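Asks: Structure incoming, see below.
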Amino acid sequence: MTINKLFLSSFLFLCQFISAQQDTISLQEVKISDSQLKKFSSTQSVQQLNDSIISKNQASLTSLLNYNTVIYFKENGLGMVSSPSFRGTTAQQTAVIWNGININSQLLGQTDFNTITTQDFNSIVVRAGGGSAIYGTSAIGGSIHLNNELDFKDTFSNEVKLQYGSFNTFGAHYKLVASNDKWSSQFSLSRNSSDNDYDYLGTTKKNENGQYENSSYSLNVGYRFDSKNIIKLYSQFFDGERHFSGTLTAPSKSKYLDLNTRNLVEWDGFYGSFVSKVKVAFLTEKYKYFEDKEESFFTNGKAETFIVKHDLSYNINSRINLNSIIDFTQTTADGSDLLSKKRQVTSGVLLMNHQLLEKLEYQLSLRKEITNTYDSPFLYSVGAKYEATKKYTVKVNASRNFRIPSFNDLYWQQGGNPNLRPENAYQYELGQEIGFKTIRFSATAFLNKINDLISWKPNSSGIWQPENTKKVTTYGLESNFTFDKKIGNHAIIWSNNYAYTVSENEETNLQLIYVPFHKLTSTMSYSYKSASFFCQFLYNGKVFTSTDNFYELKDYSVTNLGFNYEFGENNMFKAGFQVLNVLNEKYQSVVSRPMPGRNYSINLIFKL
Amino acid sequence: MNFKKVVLLALLSPFFFASCSNDEDDKIETPLGAYDNGVLILNQGGFGHGDASLSFVSNDYVSFQNNIFSVVNPTLTLGDTGQDVGLYNDFAFVVLNYSNKIEVINRYTMVHVATIDSGLSNPRYIAFANGKGYVTNWGNGGSATDDYVAVINLSTYVVSSKIPVVEGPERILEYNNKVYVAHQGGYGYGKTLSVINTDSNTVAATIEVGDVPNSLEVSNGSLYVVCGGKPVYAPLETAGKLVKINLANNTVSSTIDFAAATHPSNLDIESNSIYYTVGSDIFKVNVDGTTLPTTALFSTTAQGVYGVYSFAVKNNSIYVGDAVDYSSNGKVYVYSSTGTLNKEYTVGVIPAGFYFNE
Numbered sequence: 001m002t003i004n005k006l007f008l009s010s011f012l013f014l015c016q017f018i019s020a021q022q023d024t025i026s027l028q029e030v031k032i033s034d035s036q037l038k039k040f041s042s043t044q045s046v047q048q049l050n051d052s053i054i055s056k057n058q059a060s061l062t063s064l065l066n067y068n069t070v071i072y073f074k075e076n077g078l079g080m081v082s083s084p085s086f087r088g089t090t091a092q093q094t095a096v097i098w099n100g101i102n103i104n105s106q107l108l109g110q111t112d113f114n115t116i117t118t119q120d121f122n123s124i125v126v127r128a129g130g131g132s133a134i135y136g137t138s139a140i141g142g143s144i145h146l147n148n149e150l151d152f153k154d155t156f157s158n159e160v161k162l163q164y165g166s167f168n169t170f171g172a173h174y175k176l177v178a179s180n181d182k183w184s185s186q187f188s189l190s191r192n193s194s195d196n197d198y199d200y201l202g203t204t205k206k207n208e209n210g211q212y213e214n215s216s217y218s219l220n221v222g223y224r225f226d227s228k229n230i231i232k233l234y235s236q237f238f239d240g241e242r243h244f245s246g247t248l249t250a251p252s253k254s255k256y257l258d259l260n261t262r263n264l265v266e267w268d269g270f271y272g273s274f275v276s277k278v279k280v281a282f283l284t285e286k287y288k289y290f291e292d293k294e295e296s297f298f299t300n301g302k303a304e305t306f307i308v309k310h311d312l313s314y315n316i317n318s319r320i321n322l323n324s325i326i327d328f329t330q331t332t333a334d335g336s337d338l339l340s341k342k343r344q345v346t347s348g349v350l351l352m353n354h355q356l357l358e359k360l361e362y363q364l365s366l367r368k369e370i371t372n373t374y375d376s377p378f379l380y381s382v383g384a385k386y387e388a389t390k391k392y393t394v395k396v397n398a399s400r401n402f403r404i405p406s407f408n409d410l411y412w413q414q415g416g417n418p419n420l421r422p423e424n425a426y427q428y429e430l431g432q433e434i435g436f437k438t439i440r441f442s443a444t445a446f447l448n449k450i451n452d453l454i455s456w457k458p459n460s461s462g463i464w465q466p467e468n469t470k471k472v473t474t475y476g477l478e479s480n481f482t483f484d485k486k487i488g489n490h491a492i493i494w495s496n497n498y499a500y501t502v503s504e505n506e507e508t509n510l511q512l513i514y515v516p517f518h519k520l521t522s523t524m525s526y527s528y529k530s531a532s533f534f535c536q537f538l539y540n541g542k543v544f545t546s547t548d549n550f551y552e553l554k555d556y557s558v559t560n561l562g563f564n565y566e567f568g569e570n571n572m573f574k575a576g577f578q579v580l581n582v583l584n585e586k587y588q589s590v591v592s593r594p595m596p597g598r599n600y601s602i603n604l605i606f607k608l
Numbered sequence: 001m002n003f004k005k006v007v008l009l010a011l012l013s014p015f016f017f018a019s020c021s022n023d024e025d026d027k028i029e030t031p032l033g034a035y036d037n038g039v040l041i042l043n044q045g046g047f048g049h050g051d052a053s054l055s056f057v058s059n060d061y062v063s064f065q066n067n068i069f070s071v072v073n074p075t076l077t078l079g080d081t082g083q084d085v086g087l088y089n090d091f092a093f094v095v096l097n098y099s100n101k102i103e104v105i106n107r108y109t110m111v112h113v114a115t116i117d118s119g120l121s122n123p124r125y126i127a128f129a130n131g132k133g134y135v136t137n138w139g140n141g142g143s144a145t146d147d148y149v150a151v152i153n154l155s156t157y158v159v160s161s162k163i164p165v166v167e168g169p170e171r172i173l174e175y176n177n178k179v180y181v182a183h184q185g186g187y188g189y190g191k192t193l194s195v196i197n198t199d200s201n202t203v204a205a206t207i208e209v210g211d212v213p214n215s216l217e218v219s220n221g222s223l224y225v226v227c228g229g230k231p232v233y234a235p236l237e238t239a240g241k242l243v244k245i246n247l248a249n250n251t252v253s254s255t256i257d258f259a260a261a262t263h264p265s266n267l268d269i270e271s272n273s274i275y276y277t278v279g280s281d282i283f284k285v286n287v288d289g290t291t292l293p294t295t296a297l298f299s300t301t302a303q304g305v306y307g308v309y310s311f312a313v314k315n316n317s318i319y320v321g322d323a324v325d326y327s328s329n330g331k332v333y334v335y336s337s338t339g340t341l342n343k344e345y346t347v348g349v350i351p352a353g354f355y356f357n358e
């Protein structure tokens, strides 16, 4: 096939290595599209949240990550716009990667974590630290990977989950997995809605105009032609309607609609020591904002992204793997307040993983993008992992990462600045992991120097405009402690995360707003036979809410309890009961926007 | 408010506007008792943050206090996005744009009197005439046809009627029992004034001025209007104008054009001199002047003021409000009539207006 030769030559162009072929196909490369996640992340800290953790948590990605990782979230009230701060960085400096494709909004440069339904994915992986060399824009603080794993083994399962809770919160989720050695398919359908009219503790007010509903589906199909060729389709759709809630002092009557579609077709070829993945993706995002939900007028914006990608992996020998990626991305965007623009970016990526010694592995990543819209720096990552003993591992990594200006930054009619440069960051980290049978401990220290931070401020004519101004240094420590023990029918898992984060504006030496110095999460799960119990705890330290650090939101802690019981033939039924914010903590994640007090949720799962 | 459509960006990306607050102040302040013989400073507060506040500086500069409403009324919150203060009899009417309400307080003691929270939609500025209050309202910013002037009954503190007007009614003033409304334009670009008959509560006349009239004042029977012109991001940028209107017949008696791409604002007239600002610079011209000064009276750049956010002239003192980065507490600078900096205060977030409380 000529097209095949073209890919091959592109690989050769990039790396110029030819060697004897070897037949080692990693199972991971068959199962997930994002093969770099496994192969090129070992010198950094990676945390995987699998099915069992996902199903314990509330349906939004915000809730899952807030209670199980060091990432800090600010939420404009429950279910409203939610944005992360990872390692003290801004919301646009965390990348969300869907099956290997960066899906941060082209308009805003960030992902709203309340528009992702976690149950649509098999695994969600948090990769801390720089990842721009592999994943491109925004992977500065870290990246969140949403993966659908396609397994080619005989499986047939149906699952229905129904959930009902306080504030008329309703959730329904259906998932079908059907596969054999030729086909692998997954289909899931989710629906979530809530009146979300919780009381503001300590006041006579309620959360008004906060109702939301969303539907999503995910369809993933793989077909294996022969031992060498697999075709895969990944398809995802999210349709959400939220009313933006009022605040303690301001009413609201607005409404916001999101419509996101993501489609990816992939052809995987396994040719001896070569693995080729050809990907074509088409992503769309649309929003409509109704200032007054009773009226027909609105403002809107949309972006369409078309991606062609060739990912070629080559095992020189059992110790050295080379991987090249050539990516062409074209995005067109327009909107009622946005100039209509097109952006084309071509990127070349070269990755190498070398098991130098039995105990020492190092990795190199290089990326260069070519585009006419911004000056693209040369990005890289260099890292090493040293397994001193079976129980003790040291990791070190340095990288240069960036965040490209979003369409809103560049082309917002009222103030957009087409001359912006990408934000860029140098990051250094040192991690240590200690693992015993029941206890695992890890600690990672990081330092991140961010230049050319884009911030919107008024110019001398009073027009708000983004500029590359600030320099920010973030540094801190992330740690995880996990205790995992089974004795007979008893099983205990105790997982803890703690982060200390300083994120300082270099000019003023003041902490960035909405970055807590301290964040702690702790989850204890205990199960005995068919019954299980868990307790989740979250502590967020105080955050400053003004750049002069004069105003602040006080720290808060939230505790959730849950109980699950499995019964019926083959444990086909599972019933759960949760008490959220059991201590009725009165807290705000964003100023003037109280979060709910104690509330309840029940769920039923049927497995067929 | 220069936020306009950028507000949506703010709603979508919480990190976008670098600002916020909470009201819990560590220091326990005690009320000064009397807040007269001084200037009330309205601090707009961060949009969506509910931290609008009032500050007070006495005329002799001996007393200064921030958060005077909260100090006197510790259980109450002033509201979100303070837009204007109107002084009438013993009362101060604080217009809170994003809260869609007006707080009525005793202007001398700061004791809360009443709240007007119905009948207002995107309220902007307030004036008083014929025993009634008149408040400009944008309605929905995205609609050009739902704008109105709310008429307030000053004994019951309710909106008694609404006078429909064209898009974007902003500054409003009373003269000879008539009310003059400048249509800055809201989300669009206005270019007219409405004249309201306060007996019939109807629009009696419309006067065409320049693009984007942003401030106005009466002196010697003439109404002076500073029009900012359309900004650079408008489809066609226009320069500002200084327009003089003969109030006897509501006609434009003279217009002075600003240089291209010059966008003046903050008109204030004191002792027969017109003051206005362009960016960080303060200009002064005689009310009868026929040309505009080419050099500024002085510039505020030495204080780091990046565009004068609020401005007033009183008794030979020039007051400038600096919004700094719109997140931090703002600054107020008091200059002599020649531009010597006399006083400097750190006030609340985004100082938006000065109201002389004699």
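Respectively, the protein sequence lines represent chains U and G.
For what it's worth, the UniProt record's numbering labels the leading residue of the first sequence as 1, then goes sequentially.
For what it's worth, the UniProt record's numbering labels the leading residue of the second sequence as 1, then goes sequentially.
Heads up, the beta-carbon is just placed ideally off N, CA and C, and yes, glycines get one too.
These figures come from a predicted structure and were not determined experimentally.
1) With H, G and I counted as helix, E and B as strand and the rest as coil, what does DSSP make of residue 29(U)?
2) Compare the beta carbon distance of residue 314(G) and residue 39(G) with 9 Å and say whether it is the shorter of the two.
3) Please look up how many angstroms separate the CB atoms of residue 192(U) and residue 171(U), rounded, as I've assumed it's under 8 Å.
4) State yes or no: is the beta carbon of residue 445(U) nearer than 9 Å to at least one beta carbon in chain G?
5) Can you say whether residue 291(G) is buried or exposed, counting buried as having 16 or more other CB atoms within 10 angstroms of its CB?
6) Please name the residue or residues paired with residue 199(U) in a DSSP beta bridge.
7) Does the beta-carbon of residue 490(U) have 16 or more other beta-carbons within 10 angstroms, so that it is buried, or is it exposed?
8) Answer yes if the region 368 to 385 of chain U comes into contact with the region 28 to 45 of chain U, meaning at least three C-beta pairs across the two stretches below 8 Å, and no otherwise.
9) So which residues on chain G does residue 292(U) lean against when the C-beta distance must stay under 7 Å?
10) Please work out which residues of its chain come closer than 6 Å, Cβ to Cβ, to residue 441(U), disregarding the five sequence neighbours upstream and downstream, and give them in chain order.
11) Could you give the distance in angstroms between the alpha-carbon of residue 243(G) and the alpha-carbon of residue 274(G)?
12) Does the contact criterion of 3 or more C-beta pairs under 8 Å hold for the region 137 to 147 of chain U versus the region 75 to 93 of chain U?
13) Give the secondary structure of residue 65(U) by DSSP, where H, G and I count as helix, E and B as strand, and everything else as coil.
14) So, is residue 572(U) buried or exposed, given that buried needs 16 or more other C-beta atoms within 10 angstroms?
15) Does the separation of the CB atoms of residue 280(G) and residue 305(G) fall below 9 Å?
16) Return the chain-ordered list of same chain residues with a C-beta closer than 6 Å to the C-beta of residue 240(G), the five sequence neighbours on each side being excluded.
17) Does DSSP classify residue 368(U) as helix, strand or coil?
18) Could you work out which residue in 259(U), 486(U) and 519(U) is closest to residue 529(U) when comparing CA atoms only?
19) Does any residue of chain G bring its CB to less than 9 Å from the CB of residue 458(U)?
20) Taking Cβ to Cβ, would you say residue 248(U) is nearer than 9 Å to residue 234(U)?
21) Could you list which residues in chain U have their beta carbon closer than 8 Å to that of residue 80(G), in chain order?
22) Using a Cβ-Cβ cutoff of 8 Å, what residues of the region 220 to 233 of chain G are near chain U? List them in chain order.
23) Does residue 551(U) come within less than 9 Å of chain G when only Cβ atoms are used?
24) In angstroms, rounded to a whole number, what distance separates the CA positions of residue 96(U) and residue 165(U)?
25) Could you please give the first and the last residue of the uninterrupted alpha helix (DSSP H) stretch that includes residue 38(U)?
26) Applying a beta-carbon distance threshold of less than 7 Å, which residues of chain U neighbour residue 325(G)?
27) Where are the beta strand (DSSP E) runs, 3 residues long or more, that stay fully inside the region 160 to 248 of chain U, in chain order?
28) Assess, as a yes-or-no matter, whether the region 554 to 563 of chain U is touched by the region 523 to 537 of chain U under the definition of 3 or more beta carbon pairs within less than 8 Å.
29) In the DSSP assignment, what residue or residues form a beta bridge with residue 267(U)?
30) For a contact meaning CB atoms closer than 8 Å, what does residue 328(G) contact in chain U?
31) Let me know the beta strand (DSSP E) ranges lying completely inside the region 216 to 270 of chain G, each 3 residues or longer, listed in chain order.
32) Using a Cβ-Cβ cutoff of 8 Å, what residues of the region 180 to 192 of chain G are near chain U? List them in chain order.
33) Ignore the nearest five residues each way along the sequence and tell me which others in residue 215(U)'s own chain have a CB closer than 6 Å to its CB.
34) Exposed or buried, residue 249(G), counting other C-beta atoms within 10 Å across all chains shown (16 or more means buried)?
35) Going along chain U, which residues have a C-beta under 8 Å from residue 77(G)?
36) Run the CB neighbour count on residue 76(G), radius 10 Å, all protein chains shown included, and call it buried at 16 or more, exposed below.
Replies: Let's see:
1) helix
2) yes
3) 5 Å
4) no
5) exposed
6) 206(U)
7) exposed
8) yes
9) 140
10) 434 and 481
11) 12 Å
12) yes
13) helix
14) exposed
15) yes
16) 227, 228, 229, 258, 262, 263 and 264
17) strand
18) 486(U)
19) yes
20) no
21) 247, 249, 250 and 592
22) 231, 232 and 233
23) yes
24) 29 Å
25) 35 to 39
26) 457 and 547
27) 169 to 179, 183 to 194, 212 to 224 and 229 to 243
28) yes
29) 231(U) and 278(U)
30) 546, 547, 548 and 550
31) 222 to 227, 241 to 246, 251 to 257 and 265 to 270
32) none
33) 191 and 239
34) exposed
35) 248 and 249
36) exposed
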